[in-house]
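Undergrad:
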Amino acid sequence: MPDFSMEFTNASKTVFSYERGDYPADPVVDTINQSPAKELAKFSTETYSWSQAASSIVSYNDGSCYWNDSASGQWFGVKIHAPVQVFMIGTAPYYQVSYWTGNESTSKRDWFTPVNDPSTVYDFPSDVKWKIRIHPTAAHTTLQLAISISDK
Numbered sequence: 001m002p003d004f005s006m007e008f009t010n011a012s013k014t015v016f017s018y019e020r021g022d023y024p025a026d027p028v029v030d031t032i033n034q035s036p037a038k039e040l041a042k043f044s045t046e047t048y049s050w051s052q053a054a055s056s057i058v059s060y061n062d063g064s065c066y067w068n069d070s071a072s073g074q075w076f077g078v079k080i081h082a083p084v085q086v087f088m089i090g091t092a093p094y095y096q097v098s099y100w101t102g103n104e105s106t107s108k109r110d111w112f113t114p115v116n117d118p119s120t121v122y123d124f125p126s127d128v129k130w131k132i133r134i135h136p137t138a139a140h141t142t143l144q145l146a147i148s149i150s151d152k
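Once you know that position 95 of the sequence shown is 95 in full-length UniProt numbering, the rest is easy, because the numbers rise by one and skip nothing.
Spelled out as structure tokens, the structure:
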């Protein structure tokens with residue numbers, strides 16, 4: 001099992017395009033196990049996962065994905081932030097989100113941490129076009145996210 005993963009399950013009628021994402025860039029200390037396709041099709045699943053070697057003591061081990069609906073211009077993003085740990089001492093990894101609803105007052109374009117405990121389930125706000133829920137499985141050095149997307 002990878003140390004970090006985001007599995008996006010699209011049960012909506014929307015086809016999302018993978019716009020951009022951050023990933024661990026150093027192949028010496030990180031291993032990307034699976035990258036998402038450029039499209040998250042209707043009723044499909046895409047996974048982004050990576051493992052750490054020495055990266056947790058060398059640098060951050062972050063990864064993120066942004067998914068865009070070109071028809072509406074709305075998008076959402078999910079990020080795993082894995083702070084530096086030395087011999088398993090330090091802050092546990094946690095997740096962050098961002099989204100664009102088409103309205104500046106109801107959007108959060110910058111990453112923010114929606115929950116205090118990374119093992120807490122999070123539902124995106126009702127202003128977002130879809131029902132998006134994050135189901136985390138958290139440990140002190142690992143974090144897996146199952147993200148479900150459905151129509152409202």
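The beta-carbon is built from N, C-alpha and C at its ideal position, and this holds for glycine as well.
1. If you compare alpha carbons, which of 94, 131 and 102 is closest to residue 140?
2. Does residue 125 pass the burial test, meaning 16 or more other C-beta atoms within 10 Å, or should it be called exposed?
3. Measuring CB to CB, does residue 47 end up less than 9 Å from residue 149?
4. Among 32, 12 and 20, which one has its Cα closest to the Cα of residue 4?
5. What residues match up with residue 34 in a beta bridge as DSSP calls it?
6. Quick one: measure Cβ to Cβ for residue 97 and residue 78, integer angstroms, because I've assumed they're closer than 8 Å.
TA: For this structure:
1. To locate residue 140, count along the sequence shown from 1; it is residue 140. Of the listed residues, the one whose Cα sits closest to residue 140 is 94.
2. Residue numbering aside, residue 125 sits at position 125 when the sequence shown is read from its first letter. With fewer than 16 other Cβ atoms within 10 Å, it is exposed.
3. Taking the first residue of the sequence shown as 1, we reach residue 47 at position 47. Taking the first residue of the sequence shown as 1, we reach residue 149 at position 149. No, these two residues do not count as a Cβ contact at 9 Å.
4. Here the question's residue 4 lines up with position 4 in the sequence shown. Comparing Cα-Cα distances from residue 4 to each of 32, 12 and 20, the minimum goes to 32.
5. Here residue 34 corresponds to residue number 34 of the sequence shown, with the count starting at 1. In DSSP, residue 34 forms a bridge with 49.
6. The residue given as residue 97 occupies position 97 in the sequence shown. The residue given as residue 78 occupies position 78 in the sequence shown. Between residue 78 and residue 97 the Cβ distance is about 6 Å, and since that is below 8 Å, they are a contact.
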